[in-house]
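Working notes, beginning with the structure itself.
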Amino acid sequence: MSAFPEGDTTNDEGERQQWSQKRNPMARELNVINTGSGNSDACTYMWACAICDENERCQKDKEGHSRWLVAKRMERIEHKVLIMSNKGGVGKSTCTTNIAVSLALKGWHVGICDMDIHGPNIPKMVGAEGQKLKVSTSGGIIPFQAYNLKIASMSFLLQNSDDPIIWRDAYKYEFINQLLGGVDWQDLNFLLIDLPPGTGNESVTTIDLLGTVSGAVIVTTPQEVALLDSRKSVTFCKDSEVPIVGIVENMSGLECPHCHTQIDVFRKGGGEASALDMGVPFLGRIPLDPDVVTQSDAGEPFALFNSDSPTAEAYHQIANQVEAFCKKSASLLKVGRTTTGLLKGDR
Ligand code: ADP
Numbered sequence: 032m033s034a035f036p037e038g039d040t041t042n043d044e045g046e047r048q049q050w051s052q053k054r055n056p057m058a059r060e061l062n063v064i065n066t067g068s069g070n071s072d073a074c075t076y077m078w079a080c081a082i083c084d085e086n087e088r089c090q091k092d093k094e095g096h097s098r099w100l101v102a103k104r105m106e107r108i109e110h111k112v113l114i115m116s117n118k119g120g121v122g123k124s125t126c127t128t129n130i131a132v133s134l135a136l137k138g139w140h141v142g143i144c145d146m147d148i149h150g151p152n153i154p155k156m157v158g159a160e161g162q163k164l165k166v167s168t169s170g171g172i173i174p175f176q177a178y179n180l181k182i183a184s185m186s187f188l189l190q191n192s193d194d195p196i197i198w199r200d201a202y203k204y205e206f207i208n209q210l211l212g213g214v215d216w217q218d219l220n221f222l223l224i225d226l227p228p229g230t231g232n233e234s235v236t237t238i239d240l241l242g243t244v245s246g247a248v249i250v251t252t253p254q255e256v257a258l259l260d261s262r263k264s265v266t267f268c269k270d271s272e273v274p275i276v277g278i279v280e281n282m283s284g285l286e287c288p289h290c291h292t293q294i295d296v297f298r299k300g301g302g303e304a305s306a307l308d309m310g311v312p313f314l315g316r317i318p319l320d321p322d323v324v325t326q327s328d329a330g331e332p333f334a335l336f337n338s339d340s341p342t343a344e345a346y347h348q349i350a351n352q353v354e355a356f357c358k359k360s361a362s363l364l365k366v367g368r369t370t371t372g373l374l375k376g377d378r
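Mind the numbering: the sequence shown is residues 32 to 378 in my numbering, read in order.
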């Protein structure tokens with residue numbers, strides 16, 4: 032059984048082992064062995080292969096087991112929502128954290144799956160930087176809990192936050208499998224999945240493994256180059272048959288703290304125009320607010336600590352629309368489907 036990604040041409044086993052351990056913090060932390068096809072016996076352990084004692088000698092169909100495990104974990108989650116953008120730095124992780132907090136403030140059970148392998152910032156935004164995940168005795172990796180949110184991220188597996196991740200696609204596939212199936216999410220109303228920017232391997236694999244997605248929120252900033260990219264995200268969702276909750280225009284106008292004049296640093300209104308043009312809902316504008324940066328850096332989600340401010344209100348309004356969209360699509364799906372009974376009654 033190969034412990035290395037397909038296409039690896041290194042012959043020396045020791046060298047390969049070192050290569051793996053050096054580049055793959057997950058392998059180092061959790062002794063990951065790459066999934067390969069053994070015989071077709073199905074494994075029904077709730078353990079992910081990466082943390083299973085029998086992994087090295089196991090001859091079972093690991094690919095099948097991984098998919099089964101993801102399906103098992105995901106069936107306990109009412110709504111899976113992707114937060115995406117085609118450009119980095121537009122505020123996707125900040126939106127994810129604040130929408131999650133808004134939903135949790137309403138009493139929902141919420142998790143965040145930080146799928147950004149190369150820039151996992153969610154832990155920093157909830158003050159959980161440097162924390163490590165533990166493995167439970169009943170099966171699975173225990174997500175980190177902060178502000179009543181369950182969180183899993185690559186960041187929790189890094190020895191040093193400055194370490195870059197240099198992975199081939201096969202490792203990324205394994206990691207995405209672990210985050211969805213290896214983590215013991217338990218019952219959740221919402222799992223927000225913070226995708227990395229772009230429409231590459233991570234996004235495609237995540238959608239493929241999830242099977243059904245309740246919807247995608249596309250975050251953009253108002254300037255022309257960001258809008259061009261957000262349109263790619265819309266097309267990607269349509270091609271992947273992922274329902275689009277709508278577009279968020281982030282960093283939309285700054286109110287000068289001294290004279291209170293509006294300054295449109297990245298221009299304004301482009302996100303709304305883009306949504307209209309692409310025929311998808313517009314979810315609203317979030318102002319460029321310096322306090323968002325300060326609080327994010329301090330690990331204090333803005334929508335929780337400044338719940339009554341206009342910027343927080345913008346996050347709450349977007350969260351309301353995510354909730355309404357998911358409830359509506361769930362009620363459509365309920366025909367012919369058993370529910371997990373997780374949804375609370377209308378409030
Ligand atoms: P992405 O996930 O798209 O790469 P981040 O969420 O990490 O982007 O945000 C990038 C930076 O922009 C962070 O420093 C964050 O605090 C800041 N930021 C995000 N949204 C806002 C906003 N509305 N106002 C001011 N700063 C913001």
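From the three backbone atoms N, C-alpha and C, an ideal C-beta is built for every residue, glycine too.
The alpha-carbon of residue 292 is positioned some 49 angstroms away from that of residue 202. Using a Cβ distance threshold of 8 angstroms, residue 110 and residue 361 count as a contacting pair.
The shortest C-alpha to C-alpha distance from residue 325 to any of 90, 248, 157 and 82 is the one to 157.
Around residue 347, the same chain offers 133 and 334 as residues with beta carbons nearer than 7 angstroms, after the five sequence neighbours per side are excluded. Contact between the region 165 to 177 and the region 253 to 263 is not established, with fewer than three Cβ pairs separated by less than 8 angstroms.
Take the alpha-carbon of residue 118 and the one of residue 153: they are about 17 angstroms apart. Contact annotation: residue 142 and residue 216 have beta-carbon atoms nearer than 8 angstroms.
Taking all protein chains shown into account, residue 359 has fewer than 16 neighbouring C-beta atoms within 10 Å of its C-beta and is therefore exposed. For residue 108, the enclosing beta strand (DSSP E) begins and ends at 108 to 115. The straight-line gap separating the alpha-carbon atoms of residue 244 and residue 96 is approximately 21 angstroms. Annotation: the continuous alpha helix (DSSP H) that includes residue 303 extends over 301 to 309. A straight line joining the alpha-carbon of residue 78 with that of residue 332 spans about 32 angstroms.
Our two residues, residue 86 and residue 76, have alpha carbons roughly 11 angstroms apart in a direct line. Straight across, the Cα-Cα distance linking residue 280 with residue 91 is about 47 angstroms. Ranked by Cα distance from residue 224, the first of 266, 145 and 172 is 145. Per DSSP, residue 246 is not a residue of any alpha helix (DSSP H); the beta strand (DSSP E) it occupies stretches across 246 to 251.
Straight through space, the alpha carbons of residue 344 and residue 338 are spaced by roughly 7 angstroms. The beta carbon of residue 320 sits closer than 7 angstroms to at least one heavy atom of the ligand ADP.
In the DSSP secondary-structure assignment, residue 165 is bridged to 173.
Residue 80 has its alpha-carbon roughly 44 angstroms from the corresponding atom of residue 320. The shortest C-alpha to C-alpha distance from residue 240 to any of 209, 248, 249 and 327 is the one to 209.
When distances are taken from the beta-carbon of residue 184 to the heavy atoms of the ligand ADP, even the shortest one reaches 7 angstroms or more.
Taking a contact to require three or more Cβ pairs closer than 8 angstroms, the region 226 to 239 and the region 297 to 317 do not qualify as touching. Within the DSSP secondary-structure output, residue 279 pairs in a beta bridge with 250 and 315.
Residue 302 and residue 283 do touch by the CB rule: their CB atoms are close to 7 angstroms apart, below 8 angstroms. In this model, residue 160 and residue 247 are separated by some 26 angstroms (Cα to Cα).
In the displayed model, residue 255 falls within a helix according to three-state DSSP. By the Cβ-count criterion, residue 266 is exposed, with fewer than 16 other Cβ atoms from all chains shown falling within 10 Å of its own Cβ. Residue 323 has its Cβ nearer than 7 angstroms to a heavy atom of the ligand ADP. Distance between residue 130 and residue 181, taken at the CA atoms: about 14 angstroms. Taking 7 angstroms as the cut-off, one finds at least one heavy atom of the ligand ADP near enough to the beta carbon of residue 150.
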